[in-house]
Every structure is written in structure tokens, then in C-alpha cells.
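> Using this note's numbering, you'd call the opening residue of the sequence shown number 253 and step up by one each time.
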Amino acid sequence: MLLITDRPDESRDLARRLALWGPCTVVGLEQATDGPVTQPTIVVSDADLGQRRSVEAMRVALARHRSRGAPYICLLRDMTARSTIQARAIGATEVLPADAACSLLLQTVSQLLREEDGGDPARGTAAFTRAHLATAAVSLADMLESASAGKPIPLGAVDASVDAIDQMAGASDIGDWLQVVWSYDDLTYQHCMLVAGLAASFAHQLRFSADDRRLVTRAAVLHDIGKARIPLDILHKPGALDEAEQAVMRSHPALGHAMLLAQGGFRPEVLAAVRSHHEYLDGSGYPDKLGGDEISDIVRMITICDIYAALIERRSYKPPMLPDQAFDLLLLMRGKLDAALVGAFRQVVLKTARAA
Numbered sequence: 253m254l255l256i257t258d259r260p261d262e263s264r265d266l267a268r269r270l271a272l273w274g275p276c277t278v279v280g281l282e283q284a285t286d287g288p289v290t291q292p293t294i295v296v297s298d299a300d301l302g303q304r305r306s307v308e309a310m311r312v313a314l315a316r317h318r319s320r321g322a323p324y325i326c327l328l329r330d331m332t333a334r335s336t337i338q339a340r341a342i343g344a345t346e347v348l349p350a351d352a353a354c355s356l357l358l359q360t361v362s363q364l365l366r367e368e369d370g371g372d373p374a375r376g377t378a379a380f381t382r383a384h385l386a387t388a389a390v391s392l393a394d395m396l397e398s399a400s401a402g403k404p405i406p407l408g409a410v411d412a413s414v415d416a417i418d419q420m421a422g423a424s425d426i427g428d429w430l431q432v433v434w435s436y437d438d439l440t441y442q443h444c445m446l447v448a449g450l451a452a453s454f455a456h457q458l459r460f461s462a463d464d465r466r467l468v469t470r471a472a473v474l475h476d477i478g479k480a481r482i483p484l485d486i487l488h489k490p491g492a493l494d495e496a497e498q499a500v501m502r503s504h505p506a507l508g509h510a511m512l513l514a515q516g517g518f519r520p521e522v523l524a525a526v527r528s529h530h531e532y533l534d535g536s537g538y539p540d541k542l543g544g545d546e547i548s549d550i551v552r553m554i555t556i557c558d559i560y561a562a563l564i565e566r567r568s569y570k571p572p573m574l575p576d577q578a579f580d581l582l583l584l585m586r587g588k589l590d591a592a593l594v595g596a597f598r599q600v601v602l603k604t605a606r607a608a
């Protein structure tokens, strides 16, 4: 994906949102007119087309970088009829306001690429996995944006994400899911999608009923919702957190639990997973130092998936751990994690190993 913009510094958040779908390259408008040709699968522009010079520069940039038939989304800061006509005149496939919600932007990207691929992809294919991941990412964006703004979590978005992930887990290889998720630049989204995909696959592996699979997946999708209230400079810090920062980060389970409890409509099993996914059987976890039978089976499953996901994530400051190495660490946490569930999780690990 290519983002052409006349304000590269201000477009960083936009690039992060686009990166939820896949890798995104950002190029300044002037540089795009004479820089290396990229020919991405989709082009997005964020520029002031009210100036003739910018319009002409965009024409040149599109001629250089846009391959025949590639979708082009034009983001306009001024959604007047004149600006919309201008965007269409330079070849825009879709026109959206520059301040469009993340969910609308990602939904548009997903729909355009699905149309380019010839409609709904076949079950079990990499395209099928990517399509369902896009649906889940759009829904997760809705959830996190609402949580960050102090608004109610949209239950429709939760349902859409759960449905997409459960369908993927039942029809595709978790390895395909990981390959796509690992391309995300935003670590919060990468982690949430990893944990949710692993949990859904784990529930399928254990032959849970459809209702129980959806419950586990819902708990996994929402387990880190409290991170929406953590300052971004801590959440995205490219390195180890200091003691004070760790204290702030460790507040996310309680924040998420309070958020969902205040809104209402969430099952006790989900609330428990949100609050207690960092608890250990030996009582050494947080925030409540629960132990033994105080920790439910669903929470135990989410904790295993959460730890494993953190170990195999691809981050700028550390290489990912190989699946077998990560699983060995889970085995070493005997007494903290449910040994029987860790043993059963081995089958999911074997599937992820094919993606490493």
C-alpha cells in the first residue's frame, strides 16, 4: 500500500491506521513525482487538491506509481462538489473525507481489494484469511477508537470481529493468519489479533461447541481493551519500560474491566478474562493476585495465548522467538500456567511453526 501526502509528518497516524490492513509506504507528494516507482496494490492520497500545483503533482505521482487497475482512494480535506469532481478527474476509485473514521477507511480498502481479487475468496485460502483479518481489524479499530474516546464499545463491531476470527479458525491454517498479522506495524493491533487468532484456534482444537468457541474468541478480542486508555508514548515505546511506565501499563486489565462493567452487557467470563489474563495459578500475577481455582478455564486459556503471542511477536527492538522455543518457556512456567492446557496448546504451536 502507498500513501502519497503533502504533510508526511502529520500523516503518521493515517499511515498507522492503513498499516492495520498491511504494510504501508509513505511518500511525500513532491518526492512521489520523481522518486523510485513502487506500483503498490492500492494507492491512498492525502493532499490539498484545492491548489492547481498539487493536482498536477498528484497526476504525475499517480502516473508513476499506480499500476493499471489498482484502486485509488483520495482523501479530501474539503468535501465540496468541486473537490470531489477533481478527485474523480484524476482517477479516484473512492473519495472519502480526510478525517474519516478508521473503520470506514479500512472497510473501503478491504472492499476494493476484494473486488480486485474477483469477489469473496475461497475458504481456506490465504486470500480468505486476509479478508477475514481485514474484517476483524476494522471491527477492532472501532472498538479501540470508542474506548479511547470514552464511548461505549460498539457491540456490533465485537460480534463482527468474533465471527470473522472464528470462521478463519475453522476454515484456514493459523499459520496463514500469523503471516498476515505479523505484517502489521501497530503492535497493539498485532498483539490483539494474534491472541484472538490463537484463542479461536485453541477452542477449535479442543472441539468446543460453537457458542463456547465464540465466548473464548470474544474474551480474547476484548482482553486488552484497557490499553486504549494507556498513553501512546508508553504503549508504543520501542524498548523496555521503566518502573513507573510498567505501573501504568499494568493498569490496563483493571481499566478494561471497569470500562466493560460500566457499559454492561458483557458476560462474566469475558469480564474475568479482561481483568485477570495476567494472573497466575501460584498467585504471583496481577492485578488481584488470584490463584488456583479462583482463575477460570477461559482465563487460563487466554493467559497461555497472551504469553505465547508476546513471545513470537515481531518487534523492532527484538527478534521473534521461534514457536518451539516459546512453547518450551510455557512448559517452564509449570505452577503458574495450567499444565494440561499448555499440553493441549502444543497442537496450535505446531500449526504456528509452519509460519515461522
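The beta carbon of each residue, even a glycine, is placed where N, CA and C say it ideally should be.
Label residue 337 either buried or exposed according to how many other C-beta atoms from any shown protein chain fall within 10 Å of its C-beta, with 16 as the threshold for buried.
exposed
> Tell whether a beta-carbon distance below 8 Å holds between residue 390 and residue 359.
Cβ distance < 8 Å, so residue 390 and residue 359 count as in contact.
> Tell me which residues share the same chain as residue 502 and place their Cβ nearer than 8 Å to its Cβ, disregarding the 5 neighbours each side in the sequence.
Excluding residues up to 5 positions away in sequence, 530, 538 and 539 lie with their Cβ nearer than 8 Å to the Cβ of residue 502 in the same chain.
> Compute the distance between the beta-carbons of residue 559 and residue 572, then report whether it is under 8 Å.
no
> Count the other CB atoms within 10 Å of the CB of residue 442; is the residue buried (16 or more) or exposed (fewer)?
By the neighbour-count rule (16 or more Cβ atoms within 10 Å), residue 442 is buried.
> Could you tell me the boundaries of the alpha helix (DSSP H) in which residue 427 lies?
426 to 433
> Given this structure, state the Cα-to-Cα distance separating residue 509 from residue 350, to the nearest angstrom.
33 Å
> Which residues in the same chain have their Cβ closer than 7 Å to the Cβ of residue 567, if we skip the five residues on either side of it in sequence?
If we look at residue 567 and ignore the five residues flanking it on each side, its Cβ neighbours are 439.
> Quick one: grab the DSSP three-state call for residue 298.
strand
> Excluding five sequence neighbours on each side, which residues of the same chain lie with their C-beta closer than 7 Å to the C-beta of residue 593?
552, 553 and 556
> If contact is defined by three or more beta carbon pairs under 8 Å, each pair taking one atom from either stretch, is the region 442 to 454 in contact with the region 485 to 492?
Contact between the region 485 to 492 and the region 442 to 454 is absent: fewer than three C-beta pairs spanning the two stretches fall below 8 Å.
> Have a look at residue 317 and residue 289 and give me their C-alpha separation to the nearest angstrom.
5 Å
> Under the assumption that residue 294 contacts residue 356 (Cβ atoms under 8 Å), give the Cβ distance between them as a whole number of angstroms.
15 Å between Cβ atoms; not a contact.
> Between the Cα of residue 387 and the Cα atoms of 363, 397 and 399, which residue gives the shortest distance?
363
> Give me the Cα-Cα distance between residue 346 and residue 361, rounded to the nearest whole angstrom.
9 Å
> Kindly indicate which three-state DSSP category residue 422 falls into: helix, strand or coil?
helix
> Relative to the C-alpha of residue 341, which residue among 354, 301, 292 and 329 is closest?
Among 354, 301, 292 and 329, the Cα nearest to that of residue 341 belongs to 301.
> My guess is that residue 550 and residue 450 are in contact by the Cβ rule of under 8 Å, so how many angstroms apart are they, rounded?
Not really, about 14 Å apart at Cβ, beyond 8 Å.
> What separation, rounded to the nearest whole angstrom, lies between the Cα atoms of residue 321 and residue 296?
14 Å
> Rounding to the nearest angstrom, what Cα-Cα distance links residue 469 and residue 299 in this structure?
Spanning the two alpha carbons is a distance of roughly 39 Å.
> Indicate the three-state DSSP secondary structure (helix, strand or coil) for residue 598 in the structure shown.
helix
> Can you pull the DSSP bridge partners for residue 346?
325
> With H, G and I counted as helix, E and B as strand and the rest as coil, what does DSSP make of residue 376?
Residue placement at residue 376 cannot be trusted, given a pLDDT of 47 that sits under 50; the coordinates are not used to answer.
> Among 280, 528, 261 and 265, which residue has its Cα nearest to the Cα of residue 354?
265
> Please name the residue or residues paired with residue 278 in a DSSP beta bridge.
255
> Is the CB-CB distance between residue 517 and residue 392 below 8 Å?
no
> On the DSSP bridge list, what partners appear for residue 570?
DSSP, once it has assigned bridges, lists 567 as partnering residue 570.
> By the DSSP assignment, the alpha helix (DSSP H) with residue 336 in it spans what residues?
From DSSP, the alpha helix (DSSP H) with residue 336 extends over 333 to 341.
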